[in-house]
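K.L.:
Just so you know, the protein sequences line up as chains A and B, in that order. Take the working numbering: the last position of the first sequence gets the number 78, and nothing is skipped along the way. Take the working numbering: the last position of the second sequence gets the number 262, and nothing is skipped along the way.
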Amino acid sequence: MLSDNPGLDFTLSSLSFTFQIGFIVLAIAYFIFALIIIRQINLMTETVTTEVASLLKILSLVLGLLSLGVVIWFIRLI
Amino acid sequence: MFPAFLDKPDKISFVDQEEDEVIELFLRRHGITNFPWIVLSILGLFIPALVVFLDQALQINFISKIPEKLALEALVLWYLFIIAFVFESFLSWYFNIYIMTNQQLVDINFRSLLFRDIVTIQYNDIQGVTSQIQGIIRSFFNFGDVLVETAAKNESVDFNDVPKPDQVADRIDDLQKTMKPNAV
Chain A
1 MLSDNPGLDF TLSSLSFTFQ IGFIVLAIAY FIFALIIIRQ INLMTETVTT EVASLLKILS
61 LVLGLLSLGV VIWFIRLI
Chain B
79 MFPAFLDKPD KISFVDQEED EVIELFLRRH GITNFPWIVL SILGLFIPAL VVFLDQALQI
139 NFISKIPEKL ALEALVLWYL FIIAFVFESF LSWYFNIYIM TNQQLVDINF RSLLFRDIVT
199 IQYNDIQGVT SQIQGIIRSF FNFGDVLVET AAKNESVDFN DVPKPDQVAD RIDDLQKTMK
259 PNAV
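Take a look at the structure:
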């Protein structure tokens, strides 16, 4: 990735860093979205009790943990 | 596992259900209405591969210039986005429910992740029930809308894309007659 032009290298690394920060922001937004899903599934399963309510709760928790893992992973990649 | 038409389900209950209230019909939009988002999601899975293929085929070679870490992060975010889309679409279908009990009609709407509303209609308030099936796909899979006109607020409530709309309308009609035995 490194070129003979130091100015170009600096621009590329700055751009790369900016994108990484942007991706972390998106991952955090996704984590918030996952928390909203967990809350909403709890609310809806209280509203209507069905056979797969517990499965949906587990899936939403998995999604929440996954998104949290992605946030941590993205931060460590910097 | 995810039926759209349940006749007298015994393992389902809803909030504010009375002790002597029995669910006669439990409805969702027909399963085939999920087809567009399922197809979109499957196509979405292949978008990254398609981008790489086009990049190489057209000799743009842009992907190879992107740092590996960045490309990996973008890929992970893309698949997270697809998971979110699938989850939201499924929940929107799964939790938009129409319940017909022996006492009332209940319309539970999951409009977005932040909004839920429940509309109940007493049989005494129903002025008229009509069902309609429009289009080839709806006719083929036998699903459509049931329009319930209410007297109380002079407005209608729609059961959209439910399976067997004629049967649903008949059941509402029957239950209404049961509640109002003197009705003509």
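C-beta atoms are modelled at their ideal positions from N, C-alpha and C, and glycine is treated no differently.
Taking the DSSP output, what are the residues bridged to B/Asp195?
P.N.:
B/Asn187.
K.L.:
Using alpha carbons as the reference points, say which of B/Val100, B/Ser91, B/Lys89, B/Thr111 lies closest to B/Asp223.
P.N.:
When each option's Cα is compared against that of B/Asp223, the closest is B/Thr111.
K.L.:
Quick one: what's got a C-beta closer than 7 Å to B/Asp251's C-beta in the same chain, skipping five residues either side?
P.N.:
Val207, listed in sequence order.
K.L.:
Does chain B have any CB closer than 8 Å to the CB of A/Ser16?
P.N.:
Yes - at least one Cβ of chain B is within 8 Å of the one on A/Ser16.
K.L.:
I'd like the list of long-range same chain contacts for B/Ser167, defined as Cβ closer than 6 Å, with 5 residues on each side in sequence excluded.
P.N.:
The residues are Trp115.
K.L.:
Taking only beta-carbon atoms, is A/Thr11 less than 8 Å away from chain B?
P.N.:
No, A/Thr11 lies away from the interface with chain B (no Cβ there is under 8 Å from its Cβ).
K.L.:
Using a Cβ-Cβ distance cut-off of 8 Å, determine whether B/Ile125 contacts chain A.
P.N.:
Not an interface residue.
K.L.:
Please confirm whether B/Ala162 has its beta-carbon closer than 8 Å to some beta-carbon of chain E.
P.N.:
The structure shown has no chain E; the protein chains it does contain are A and B.
K.L.:
Would a check of beta-carbon distances place A/Val70 closer than 8 Å to chain B?
P.N.:
Judged by the 8 Å Cβ criterion, A/Val70 is in contact with chain B.
K.L.:
Helix, strand or coil for B/Asp239 per DSSP?
P.N.:
Note: B/Asp239 maps to strand in three-state DSSP.
K.L.:
Measuring only between beta-carbons, confirm whether A/Ile37 sits less than 8 Å from chain B.
P.N.:
Chain B contact via Cβ: present.
K.L.:
What are the boundary residues of the beta strand (DSSP E) that B/Phe124 is part of?
P.N.:
No beta strand (DSSP E) holds B/Phe124; the alpha helix (DSSP H) holding it covers 113-135.
K.L.:
Is there a C-beta anywhere in chain A that falls below 8 Å from the one on B/Val262?
P.N.:
Caution is warranted here: a pLDDT of 46 is assigned to B/Val262, below 50, making its placement in the model unreliable, and no coordinate value can be reported.
K.L.:
Cβ-heavy atom distance between B/Val235 and the ligand MN below 7 Å?
P.N.:
This structure lacks the ligand MN, and indeed carries no ligand of any kind.
K.L.:
Buried or exposed for B/Ala135, going by 16 or more other Cβ atoms inside 10 Å?
P.N.:
By the 10 Å Cβ count, B/Ala135 comes out exposed.
K.L.:
For the structure I just gave you, are there three or more beta carbon pairs, one from the region 32-49 of chain A and one from the region 164-179 of chain B, closer than 8 Å?
P.N.:
Yes, they touch.
K.L.:
Listed in chain order, which residues of the region 88-113 of chain B have Cβ atoms closer than 7 Å to some Cβ of chain A?
P.N.:
Here the close residues are Lys89, Ile90, Ser91, Phe92, Val93.
K.L.:
Excluding the five sequence neighbours on either side, which residues of its own chain have a C-beta within less than 7 Å of the C-beta of B/Ser119, listed in chain order?
P.N.:
Within the same chain, B/Ser119 has close Cβ partners Ile160, Phe163, Val164.
K.L.:
Under a Cβ-count criterion, where at least 16 other Cβ atoms within 10 Å of its own Cβ denotes burial, should B/Gln254 be classed as buried or exposed?
P.N.:
Buried.
K.L.:
B/Arg194 versus chain A: which residues are under 9 Å apart at the beta carbon?
P.N.:
Within 9 Å Cβ-Cβ: Gln40, Leu43, Met44, Thr47.
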